[in-house]
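Visitor:
In UniProt numbering, the protein residues as written are 1 to 410.
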């Protein structure tokens, strides 16, 4: 089974773009991904493509994958649209990885795209709601902010998490997003602004919620057989995990964790022969501030109930022991549903390539991405590793990292 490598990745700007279409946004991301490949890439080399999108607004619900592939000149190759709610992009990458591992392709494009800002607020709520449990949650009036507010309330009641802990997530991610030229909300905020902002669904304020966003992102994956044709700087997909769970929050045994994230992480760590202590940075699914706190716990970065104090300590800041969401996360970078997961992989690629600019994580060698669908009905986790230069004939297999004495055990 071939190893899989990321040789290029890129994204459009994320934001509100009334003059753009899903085709034009995808083309921008595709060209950025191609331009990031050190040795370049001819589109005729791409064997297959997977495109994540929900289709907010009802645009091109059928065959959006072939539509964007045709627009960028990928003629005649197999193209599959992937829909997995907010985890569509990460799921598209996973499908690409599996195609290469199965030997059916050597070069795969995994992309994602969404346009969300050209419909009314009521329409946006409808299209977001289609990824919730329809019969008992959505039709009874529940919104996603309401569902995550239930999670936040439960976490507060069980562990003593506070509203200020939620606000620390917003402050950190806005600080990172202000450094990201592609981010939707490129401004900083204070703890007081985040906590005292208008309530959306108690205890979540406006600054605890991500925006609805237009954008696209693409990732280029290749097999071990051809990776040297594209780059000397190998970034390996060391591990992939995915899991599903009940779509409705009320159907699960816990409101303070996302079991699908836990299972996906366990699989990805096992495949990579690594653990959370090996991760140098992470891009996690912070659609709401409580989602980032639960991700810390679900991914093993801290113990259950410790996420609030953990973020407040500065541990997950850009200069902390484990930077989380150096891109700004969904909160600041934005959340174009189908492109969110591929956008996370794009950030991880640039961090591991050392091309992340002002938000570069020093010495980054292992990165993790975490993409969630709905309130936890699906989750995908990828672990990426920048390989050290190899001498002639040396195996490309993973070599365990040497930890510094006295290093943290996050």
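Even for Gly, the Cβ is constructed at its ideal location relative to N, Cα and C. Keep in mind that this is a model prediction, so the values were computed, not measured.
1. Where does residue 363 fall in DSSP's three states?
2. Using 8 Å as the threshold, is the C-beta distance between residue 241 and residue 266 below it?
3. Excluding sequence positions up to five away, which residues of its chain have a Cβ less than 8 Å from the Cβ of residue 162?
4. Have a look at 295, 330, 54 and 134 and flag the residue whose alpha-carbon is nearest the alpha-carbon of residue 175.
5. Starting from residue 382, trace the beta strand (DSSP E) both ways and give me its first and last residue.
6. Applying the criterion that 16 or more other CB atoms from any shown protein chain within 10 Å of the CB defines a buried residue, is residue 225 buried or exposed?
7. To the nearest whole angstrom, what separates the beta carbons of residue 237 and residue 384, a pair I think is in contact under 8 Å?
8. Are the CB atoms of residue 47 and residue 105 within a distance shorter than 8 Å?
9. For residue 392, does the count of other Cβ atoms within 10 angstroms reach 16, so buried, or fall short, so exposed?
10. On a CA-only basis, which of 389, 348 and 381 is nearest residue 417? Give me that one, please.
11. Which term fits residue 127, buried or exposed, when burial requires 16 or more other beta carbons within 10 angstroms of its beta carbon?
12. If we ignore side chains and look at the alpha-carbon of each, how far apart do residue 297 and residue 328 end up?
13. Assuming contact is defined by CB atoms lying nearer than 8 Å, are residue 207 and residue 197 in contact in what I supplied?
14. Is it a yes or a no for the segment 55-62 touching the segment 116-136, going by three-plus beta-carbon pairs under 8 Å?
15. Quick one, which of 235, 158, 34 and 83 has its alpha-carbon nearest residue 354's?
16. I'd like the span of the alpha helix (DSSP H) that includes residue 86, first residue to last.
17. I'd like the span of the alpha helix (DSSP H) that includes residue 146, first residue to last.
18. Quick one: is residue 35 buried, meaning 16 or more other Cβ sit within 10 Å of its Cβ, or exposed?
19. In terms of DSSP beta bridges, what is residue 223 paired with?
20. Buried or exposed: residue 388, going by 16 or more other Cβ atoms within 10 Å of its Cβ?
Guide: So, to answer that:
1. By one-based count along the chain shown, residue 363 stands at place 363. Here residue 363 sits in coil by DSSP.
2. Position 241 of the chain shown holds residue 241. Position 266 of the chain shown holds residue 266. Against a cut-off of 8 Å, the Cβ pair of residue 266 and residue 241 comes out as a contact.
3. Your numbering for residue 162 matches position 162 in the chain shown. So the list reads 156 and 308, once near-sequence residues are dropped.
4. As a first step, residue 175 is located in the chain shown; it is residue number 175 there, counting from the start. Nearest of 295, 330, 54 and 134 to residue 175, Cα basis: 330.
5. One-based indexing of the chain shown puts residue 382 at position 382. Residue 382 -> beta strand (DSSP E) spans 378-386.
6. The residue given as residue 225 occupies position 225 in the chain shown. Exposed.
7. Residue 237 sits at position 237 when you count from the first residue of the chain shown. Residue 384 sits at position 384 when you count from the first residue of the chain shown. About 6 Å separates the two Cβ atoms, so the contact holds.
8. Taking the chain shown and counting its residues from 1, the one referred to as residue 105 is at position 105. Taking the chain shown and counting its residues from 1, the one referred to as residue 47 is at position 47. Closer than 8 Å, so yes.
9. Taking the first residue of the chain shown as position 1, residue 392 is located at position 392. Confidence is the limiting factor: at residue 392 the pLDDT is only 46, short of 50, which leaves the residue's position unreliable and the question unanswerable from this model.
10. What the structure shows of the chain is the stretch from 1 to 410, and residue 417 is not part of that stretch, so it cannot be assessed.
11. By one-based count along the chain shown, residue 127 stands at place 127. Counting Cβ neighbours within 10 Å, residue 127 comes out buried, since at least 16 surround it.
12. By 1-based counting over the chain shown, the position of residue 297 is 297. By 1-based counting over the chain shown, the position of residue 328 is 328. Approximately 19 Å, taken between the alpha carbons.
13. Mapped onto the chain shown, residue 207 falls at position 207. Mapped onto the chain shown, residue 197 falls at position 197. Closer than 8 Å, so yes.
14. Flag = yes, the segment 55-62 and the segment 116-136 touch.
15. Within the chain shown, the letter at position 354 stands for residue 354. Nearest option by C-alpha distance: 235.
16. For the purposes of this step, residue 86 is identified with residue 86 of the chain shown, where counting begins at 1. Element bounds for residue 86: n/a, residue is neither H nor E.
17. For this step, residue 146 is matched to residue 146 along the chain shown. Segment 144-159, the alpha helix (DSSP H) holding residue 146.
18. As a working mapping, residue 35 is identified with position 35 in the chain shown. Result: exposed.
19. Locating residue 223 in the chain shown gives position 223, counting from the first residue. Note: residue 223 sits in a beta bridge opposite 4.
20. In the chain shown, the residue the question calls residue 388 occupies position 388. The residue in question, residue 388, is exposed, as its Cβ has fewer than 16 Cβ neighbours within 10 Å.
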